[in-house]
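Reminder that position 269 of the sequence shown reads as 276 in this note's numbering, one-by-one numbering, no gaps.
Glycine included, each C-beta is placed from N, C-alpha and C at the ideal position.
This report concerns only the one structure given below.
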Amino acid sequence: TNMNIKSYELLIKTENTAKRYVSKYLRKNRHAFCPYCGSRKFWKLNDGRRRCQRCKMTYHDLTGRWWNKVNLPMDDWLRIVKLFELELSTRKIATQLELPYMTVWKAVMVIRHAIFCHAADANKILMSGEIELDESYFGGRRKGNRGRGAAGKVPVFGILTREGKVHVEIVPNVQAETLLGITVKKVRRGSIVYTDKYKAYDSLMFCGYRHLNVDHSSKFVDGKVHINGLEGFWSWAKERLFKHHGISPKHFPLYLKELEFRYNHRFELIFEQLVAFMSDFIPELPDEADPPLSSTSQRE
């Protein structure tokens, strides 16, 4: 469901209304449970926390969840989520809410981490049908070559379905082995795959795909996928990244997956989905898959 502004205003009316709204995302069948063992049996403590009768661990509603990463009242948390949904910069959010910039920056980065971790699960689904493949390069403007062969740029590989769903991934290089490896993991065999005439894609036909080479200027009719679809995404993504005035390589994966999520839900309001993500338990990921929250190099 999509939340309109009047419904949103009611849920942030007080701290208690905000907590009640979020609580439905934190419970199973309206029951509180231990985040460590899942038991519903607990003792209530005087400070509002609970102690599990089974494993004897002490916890509260937000233990182990993304909300608990930054100490904020829940009504302020929901205001930050709403303004993040509307794509306000961190500095503007801090100004609007009269909160310290670094507090808001940490909160916004937590939201991006939640999106990033959800993408790790969502991207396990195989894409099929008519598929478009392309790669692009992200980074500041520099002298010298543009596109393939550009120095100091981050190569990003993209996959687009006929339905307009995109998957993007940072790659170490754009060699055939790298691009084909991702394609085989993400795209179901037998799919029709459109690419430009870059030679790295020539081996697709040997991997179980029907491969069609097209020029970037070519267009297809009847709603079919064409190479211009990902070109549109690259332009859309770079325009949004530009407003951040510099993103460290360490945090770039977070921003990239945020853009993937926004693009795949571009015709929807994403507030409730973000609240659901933030209410999930924080998973354990390898260090390279979980960019740290501690850096202050972001300059919004």
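As summarised for the region 174-248, the continuous beta strand (DSSP E) elements at least 3 residues long and confined to that stretch are 199-202 and 217-220, given in chain order. In this structure Phe259 is in contact with Val161, their Cβ atoms being roughly 6 Å apart against a cut-off of 8 Å. The alpha-carbon of Asn75 is positioned some 14 Å away from that of Tyr32. Taking Ser46 as the centre and dropping the five residues before and after it, the same chain places the C-beta of Cys59 and Arg61 closer than 6 Å to its C-beta, in chain order.
Every alpha helix (DSSP H) of 4 residues or more that sits fully in the region 72-119 is shown, in chain order, as 81-92 and 97-104. DSSP places Ile138 in the uninterrupted beta strand (DSSP E) bounded by Glu137 to Phe145. In this structure the region 79-89 touches the region 99-119; the number of beta carbon pairs closer than 8 Å is three or more. DSSP, reduced to helix, strand and coil, places Pro162 within a strand of the structure shown. Exclusion of the five residues before and after Lys172 leaves Asn271 as the residues of its chain whose Cβ lies within less than 6 Å of its Cβ.
Here the alpha carbon of Leu17 sits roughly 25 Å from the alpha carbon of Arg269. Within the region 9-55, the runs of alpha helix (DSSP H) that reach at least 4 residues and sit entirely inside it are, in chain order, 12-18 and 22-33. Distances from the CA of Arg273 to each of Leu261, Lys193, Ser255 and Trp243 were compared; the closest alpha carbon is that of Trp243.
The continuous alpha helix (DSSP H) containing Arg269 extends over residues Phe259 to Asn271. In this structure, DSSP gives Phe288 an extended state, which the three-state scheme calls strand. Leu167 has Glu139 and Val173 as its beta-bridge partners, per DSSP.
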